[in-house]
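Peer 1: Note that the sequence shown covers residues 72 to 185 in my numbering.
Encoded as structure tokens, here's the structure I'll be asking about.
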Amino acid sequence: MEFLLASAVGMLTAAGVYLLLRRRTFPVIVGISLLSYAVNVFLFATGRLALNAPPVLNKYADVPYTDPLPQALVLTAIVISFGMTAVVVMIALSAYLSSQNDRIDMSENTGDDV
72 MEFLLASAVG MLTAAGVYLL LRRRTFPVIV GISLLSYAVN VFLFATGRLA LNAPPVLNKY
132 ADVPYTDPLP QALVLTAIVI SFGMTAVVVM IALSAYLSSQ NDRIDMSENT GDDV
């Protein structure tokens, strides 16, 4: 199970970095989203992988439990990444509508030729 989860985090990270290095805005946004998903899965995995274990302590029985802190962190990260993605999409849409092009310009214009 740990190998599967580590492979999923690695694949999400690799795909996110690959898309982040593209020269168009939509793949960059998808790459940022994939990287945030990879971080969410990693944070969730830090709380130990326990199947059918409650996220709270039981003071009357000595049963295994799942740490609730990583689950709360992941929920918070999901909300933040959703908001961040919405803002980035609006900025990219505004840039596309103003220039009629969604390519990222990598020219070395320093502004001295003005």
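No residue lacks a Cβ here, since even glycine has one placed at the ideal position from N, Cα and C.
Where do the ends of the alpha helix (DSSP H) carrying PRO98 lie?
Peer 2: Here residue 98 refers to the residue found at position 27 when the sequence shown is read from its first residue. It spans 96 to 116 - the alpha helix (DSSP H) in which PRO98 sits, taken as one unbroken run.
Peer 1: From LEU106, GLY154 and ALA163, pick the residue whose C-alpha is nearest to that of PHE97; which is it?
Peer 2: Start at 1 with the first residue of the sequence shown, and residue 97 comes out as number 26. Comparing Cα positions, the closest option is ALA163.
Peer 1: Which partner residues does ARG174 have in the DSSP bridge list?
Peer 2: Along the sequence shown, one-based indexing puts residue 174 at 103. Looking at the DSSP assignment, ARG174 forms a beta bridge with ARG95.
Peer 1: Under 9 Å between the Cβ atoms of ASP133 and GLY118?
Peer 2: In the sequence shown, counting from the first residue as 1, residue 133 sits at position 62. In the sequence shown, counting from the first residue as 1, residue 118 sits at position 47. No, Cβ-Cβ distance for ASP133 and GLY118 is not below 9 Å.
Peer 1: Spell out a yes or no on whether the stretch 141 to 150 and the stretch 102 to 116 are touching, meaning 3 or more CB-CB pairs, one atom from each, closer than 8 Å.
Peer 2: Yes, since at least three Cβ pairs between the stretch 141 to 150 and the stretch 102 to 116 fall closer than 8 Å, the two stretches touch.
Peer 1: Tell me which residues share the same chain as THR156 and place their Cβ nearer than 6 Å to its Cβ, disregarding the 5 neighbours each side in the sequence.
Peer 2: Mapped onto the sequence shown, residue 156 falls at position 85. Around THR156: SER104.
Peer 1: Please classify ALA124: does DSSP put it in a helix, a strand, or coil?
Peer 2: Here residue 124 corresponds to residue number 53 of the sequence shown, with the count starting at 1. ALA124: coil per DSSP, three-state reduction.
Peer 1: Would you tell me roughly how many angstroms separate the C-alpha atoms of ARG94 and GLY102, rounded to the nearest one?
Peer 2: The residue given as residue 94 occupies position 23 in the sequence shown. The residue given as residue 102 occupies position 31 in the sequence shown. Cα-Cα distance, rounded: 12 Å.
Peer 1: Give a single yes or no on whether ALA143 has its beta carbon closer than 8 Å to a heavy atom of the ligand PLP.
Peer 2: Although the ligand PLP was asked about, the structure shown includes no ligands whatsoever.
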